[in-house]
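Here the protein sequences line up with chains A and B, keeping their order. Residue numbers 1 to 415, in our numbering, belong to the letters of the first sequence in order. Residue numbers 416 to 740, in our numbering, belong to the letters of the second sequence in order. Note that beta-carbon positions come from the ideal geometry of N, C-alpha and C, so glycine has one too. Keep in mind that this is a model prediction, so the values were computed, not measured.
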Amino acid sequence: MYATEGLRTVLGSRRKVKAGRVSRNVVLLGVTSMLTDISAEMVAAVLPIYLFYALGLSPLQFGAVDGAYQGAAALVRVVGGLVSDRLRRHKEVAATGYGISALCKPALLLAGNAWGVIVGVILLDRAGKGIRTAPRDALISLSTEPADLGSAFGVHRALDTLGAMLGPLLAFGLLFLTPGAFDVIFVLSFCIALLGLGVLLFFVQNPAADNSAVPSEHVSVRSAAALLAAPRFRWLVVTSAALGLTTISDAFVYLSLQRRLDFSVGFVPLLYVGTALAFMLLAVPLGRLSDRIGRLPVFLGGYALLALVYVSLLLPGGGQLGLVAYLVAFGAYYAATDGVLMAMGASLVPSHLRATGLALLGTATGLSRLLASVVFGALWTLVGIEVAVMAFGVGLLLAMLVGGLALTRPRMAAS
Amino acid sequence: MSWNRRLAFVAFAAACLLVAGSYLGWALMRDDAGAPDGAPATRGGVVPTGGVVLFQQLERGPSYASVSWVPAEDRDAERIRTDLVCERVHVAAGRGLCLMLNTQQTGYVAKVFGSDLEPVQEVPLTGIPSRARVSPDGRYGATTVFLLGHSYAQSSFSTRTSIIDMATGQDLGSLDGFVTTGVDGEVIDAPDMNYWGVTFGQDSDVFYATMETGGQTYLIEGNVQTREAHVLRDNVECPSLSPDGTRIAYKEKASSGAWRFHVLELDTMTDLPLAEERSIDDQVEWLDNERVLYGVDADIWVVPADGTGHPQRFLRDALSPAVLR
């Protein structure tokens, strides 16, 4: 603690540090993520049309890929975390992940219409994302004062989301300039991904290993499992997984919105854009707020907004204003929970296991959300959408209550 | 932060941007890469009102993927080619439906055209073209597309089937908005419901289509005016009503997962398999009341509709047949 206080004084004396104190490393990682997301989303936006129109592949074929990689990516994430903790080279492991995904862009072009190769490249691209996520989040947290974690993750998520919004715009802009020239999109996507990788490699630094350094042999599958023995962290993972289990996926929220308000399904992509815009704009203020008033209240407040979205899915009426309110609430829910969860996790995991711990937290949340979307679909079919939403709403409130109580239990950290 | 490092990054970034910029510049200068070779195709005048088979012609060359036709009874005759390029095409009673890329090639549109093949209306599509059908009287059209992206976990793909008013080009909405009832009259509502493969009756308000939910496909009969549909039986995909309106040709999924073409007698609801034994993913088109056409790889085949005979190649290098009677 003494050492980091000293560091802040040094930095503070060297230049004016803005409120929120987000380090250079974090901003640079945000820029890397932004460029990578532009690169990834510009390809994702045109991939189905490319596969169908340019290569003549059946949509049935690429539908099959979609489900396959989701589970795989979650597991790769934990491995990426463990390896980067073990090597104590978060930057290099993250760079490997970014590099793999970057190389996949020209590989897609070179694969031609060899279906097996295309599936392989898409899986590899997802694996790259799985590998880089945990070490990147670890880098963000290790480059940040514990008191500023919420702001740091907020800045990162805002930049990340900005990239996800710019990608499709850029892709469609390029297609407008050069109709049908899908190769331009893949090549430019590759260049942009390389730029992102360059920012990481040239400028981001592994935080200096603290001198208390635990020998790297202490990083193993067993020590990762031991993380879950610490009550506070275990409860955070359990709470986040329980909340994930009661989260209705965006696709279902938009689908029921589309049916309730009866607008063209062509507008559904705009709902994603609206949500992302709110997420981007609110990520920093809500992250900062979580540093000020406490992360748990903001985190649970985010889920309370989600509960509000559920309630309004059950109420009649709506209209244009209702739709905007939805998107703002939904974006705010993401802004209050996504980065803040990692900030909470980071403050509970020792630095030598940071990437592993954050990977466990992220994977537990992600897998439980995946399960939730299967369960929600089945419930909708069996008992109708109202009952399904109500069941998820009740579950969500219960998870909030139990998680809130467990995580505020006094002196649990001491045990 | 050393200056060397900054300089190295600037050089690296400049190299990336240079590659990106020159590639884009080269792409802007090269000849219209997306357009089919630019050779002037014959428009082919006006589509005859009857006695021809219209199709997507797939012989390599400047008119690749363009709409062409031959006389139904003289299919070896020279193909009349047009410069209308469609992924899926169907025509009836002087009105046609062409599912094609939009001008920017960022997505697909359905174009309604008249017998002069000049598109008059345009309806945006929300996915990748799968099926197109026009009702026998030319009043309605139906499109099926595969939806893109953001699919939720439990369903590997989803489709969207919409009805189009062919006179005005108005989108009459998706079958998702129809009230569909099961065999016992219960309303079916599930998030995984998918509709595809419409075929219209002589009274074009009446249509048949496939509805899928819970991994099972059903044959539904619907009405465009009342916006209602009901299930007739299960395991029917891509129905196609015979010109006399008595039978439905469709594909049935065997327990092995392979498709097999069958014909269903609507009066008795009995069905028999056709002589075509390959597993084929297409919505058949009736050549007349005795024979059906369908695409395999890049050829159109024909087989008798009563289970006898053998499949024969009907047209080489062609898909998406539409018979004008």
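DSSP state of G377(A), grouped into three classes? The count along the first sequence starts at 1 and reaches residue 377(A) at position 377. Three-state DSSP puts G377(A) in a helix.
Out of I49(A), G366(A), L243(A) and A343(A), which one is the CA nearest neighbour of R292(A)? Residue mapping note: residue 292(A) aligns to position 292 of the first sequence, counting from 1. Comparing alpha carbon positions, the residue from I49(A), G366(A), L243(A) and A343(A) closest to R292(A) is A343(A).
List the residues of chain A that A690(B) touches, going by C-beta distances under 9 Å, in chain order. The sequence position of residue 690(B) within the second sequence is 275, counting from 1. Result: empty, since nearest Cβ-Cβ is about 25 Å, beyond 9 Å.
To the nearest angstrom, how far is the alpha carbon of R89(A) from that of L201(A)? One-based indexing of the first sequence puts residue 89(A) at position 89. One-based indexing of the first sequence puts residue 201(A) at position 201. Annotation: R89(A) to L201(A) spans about 12 Å, alpha carbon to alpha carbon.
Tell me, which residues are paired with K666(B) by DSSP? Stepping through the second sequence from its first residue, residue 666(B) is reached at position 251. Under DSSP, K666(B) shares a beta bridge with E652(B) and F676(B).
For A208(A), the nearest candidate out of Y254(A), L360(A) and K91(A) (CA to CA): For the purposes of this step, residue 208(A) is taken as residue 208 along the first sequence, with counting starting at 1. Checking every option, the nearest Cα to that of A208(A) belongs to K91(A).
Looking at I185(A) and L197(A), is the spacing between their C-beta atoms short of 9 Å? For the purposes of this step, residue 197(A) is taken as residue 197 along the first sequence, with counting starting at 1. For the purposes of this step, residue 185(A) is taken as residue 185 along the first sequence, with counting starting at 1. Not a contact, by the Cβ cut-off of 9 Å.
Alpha helix (DSSP H) segment containing H156(A), residue limits: Reading the first sequence from its first residue, position 156 is the one you call residue 156(A). Start and end: L149 to L177.
State the Cα-Cα distance for the pair P481(A) and A426(B), rounded to the nearest angstrom. This structure cannot settle anything about residue 481(A), because the visible part of chain A is limited to 1 through 415.
Please confirm whether F182(A) and L103(A) have their CB atoms less than 9 Å apart. Sequence index remark: in the first sequence, residue 182(A) carries index 182 (1-based). Sequence index remark: in the first sequence, residue 103(A) carries index 103 (1-based). If you check the CB distance, F182(A) and L103(A) do not come in under 9 Å.
Within this structure, are the beta carbons of S577(B) and D607(B) separated by less than 9 Å? The sequence position of residue 577(B) within the second sequence is 162, counting from 1. The sequence position of residue 607(B) within the second sequence is 192, counting from 1. At the C-beta level, S577(B) and D607(B) stay beyond 9 Å of one another.
Tell me the rounded alpha-carbon separation between A423(B) and V311(A). In the second sequence, the residue the question calls residue 423(B) occupies position 8. In the first sequence, the residue the question calls residue 311(A) occupies position 311. Per the coordinates, the alpha-carbon of A423(B) lies some 54 Å from the alpha-carbon of V311(A).
Please decide whether R157(A) counts as near chain B, where near means a Cβ-Cβ distance under 9 Å. Residue numbering aside, residue 157(A) sits at position 157 when the first sequence is read from its first letter. False, the Cβ-Cβ gap to chain B never drops below 9 Å.
Using a Cβ-Cβ distance cut-off of 9 Å, determine whether W380(A) contacts chain B. One-based indexing of the first sequence puts residue 380(A) at position 380. Residue contact check for W380(A) against chain B: a CB pair falls below 9 Å.
Taking only the alpha-carbon atoms, compute the straight-line gap between G722(B) and T559(B) and give it to the nearest angstrom. Here residue 722(B) refers to the residue found at position 307 of the second sequence. Here residue 559(B) refers to the residue found at position 144 of the second sequence. The alpha-carbon separation between G722(B) and T559(B) amounts to approximately 28 Å.
Skipping 5 residues on each side, what residues in its chain have a beta carbon closer than 8 Å to that of W716(B)? Translated into positions along the second sequence, residue 716(B) becomes position 301. If we look at W716(B) and ignore the five residues flanking it on each side, its Cβ neighbours are E691, L708, Y709, G710, P726, Q727, R728 and F729.
Counting contacts by CB-CB distance shorter than 9 Å, is C191(A) in contact with chain B? As a position in the first sequence, residue 191(A) is number 191, starting the count at 1. With 9 Å as the cut-off, C191(A) counts as an interface residue toward chain B.
Are the CB atoms of V93(A) and P135(A) nearer to each other than 9 Å? Residue numbering aside, residue 93(A) sits at position 93 when the first sequence is read from its first letter. Residue numbering aside, residue 135(A) sits at position 135 when the first sequence is read from its first letter. In contact: V93(A) and P135(A) (Cβ atoms closer than 9 Å).
First through last residue of the beta strand (DSSP E) which encompasses H505(B): The count along the second sequence starts at 1 and reaches residue 505(B) at position 90. It spans R503 to A507 - the beta strand (DSSP E) in which H505(B) sits, taken as one unbroken run.
Identified DSSP bridge partners for T625(B): In the second sequence, the residue the question calls residue 625(B) occupies position 210. Within the DSSP secondary-structure output, T625(B) pairs in a beta bridge with W611(B) and L634(B).
Residues of chain B with CB under 7 Å from T178(A), in chain order? By 1-based counting over the first sequence, the position of residue 178(A) is 178. Within 7 Å Cβ-Cβ: A442 and L443.
Hey, is V639(B)'s beta-carbon within less than 9 Å of any beta-carbon in chain A? Along the second sequence, read from residue 1 onward, the residue named residue 639(B) stands at position 224. V639(B) has a beta carbon lying at 9 Å or more from every beta carbon in chain A.
Hey, out of I118(A), V204(A), I192(A) and N113(A), whose CA is closest to V434(B)'s CA? Within the second sequence, numbered from 1, the residue matching residue 434(B) stands at position 19. Taking V434(B) as reference, the option from I118(A), V204(A), I192(A) and N113(A) with the minimal CA-CA separation is I192(A).
Distance cutoff 9 Å, beta carbons only. Does C501(B) sit that close to anything in chain A? In the second sequence, the residue the question calls residue 501(B) occupies position 86. No, because no Cβ of chain A sits closer than 9 Å to the Cβ of C501(B).
If we define contact as Cβ-Cβ less than 9 Å, is P285(A) a contact residue for chain B? As a position in the first sequence, residue 285(A) is number 285, starting the count at 1. Not an interface residue.
When you compare only the Cα positions, how much space is there between A276(A) and N113(A)? Numbered from 1 along the first sequence, position 276 holds the residue referred to as residue 276(A). Numbered from 1 along the first sequence, position 113 holds the residue referred to as residue 113(A). One C-alpha to the other measures close to 33 Å.
Is the CB-CB distance between V651(B) and T632(B) below 9 Å? Taking the first residue of the second sequence as position 1, residue 651(B) is located at position 236. Taking the first residue of the second sequence as position 1, residue 632(B) is located at position 217. For V651(B) and T632(B), yes; Cβs fall inside 9 Å.
Is the CB-CB distance between F615(B) and A669(B) below 9 Å? Translated into the one-based positions of the second sequence, residue 615(B) becomes position 200. Translated into the one-based positions of the second sequence, residue 669(B) becomes position 254. Judged by their CB atoms, F615(B) and A669(B) are not nearer to each other than the 9 Å cut-off.
Run through the DSSP bridge pairs and tell me what W716(B) is partnered with. On the second sequence, position 301 is the one that residue 716(B) refers to. In DSSP, W716(B) forms a bridge with Y709(B) and R728(B).
Considering only residues of the same chain and omitting the five flanking positions on each side of S694(B), which have a CB-CB separation below 6 Å? The sequence position of residue 694(B) within the second sequence is 279, counting from 1. Here the set comprises A673 and W674.
Do three or more CB pairs link the segment 466-476 of chain B to the segment 428-442 of chain B at distances below 8 Å? With a cut-off of 8 Å, the segment 428-442 of chain B and the segment 466-476 of chain B do not count as touching, because too few Cβ pairs lie within range.
Minimum C-alpha distance to L271(A) - residue among L257(A), L281(A) and L282(A): By one-based count along the first sequence, residue 271(A) stands at place 271. Of L257(A), L281(A) and L282(A), the smallest CA-CA separation from L271(A) is found for L257(A).
Coarse secondary structure for A525(B), derived from DSSP in three states: Residue 525(B) sits at position 110 when you count from the first residue of the second sequence. Strand, per DSSP.
Output the distance between the C-alpha atoms of V119(A) and A127(A), rounded to the nearest integer angstrom. One-based indexing of the first sequence puts residue 119(A) at position 119. One-based indexing of the first sequence puts residue 127(A) at position 127. Here the C-alpha atom of V119(A) lies approximately 12 Å from the C-alpha atom of A127(A).
Under 8 Å, with one C-beta from each stretch per pair, do the segment 532-550 of chain B and the segment 499-510 of chain B reach the 3-pair mark? At 8 Å Cβ cutoff, the stretches touch.
Give the range of the alpha helix (DSSP H) segment to which T36(A) is assigned. Reading the first sequence from its first residue, position 36 is the one you call residue 36(A). Element bounds for T36(A): R24 to I49.
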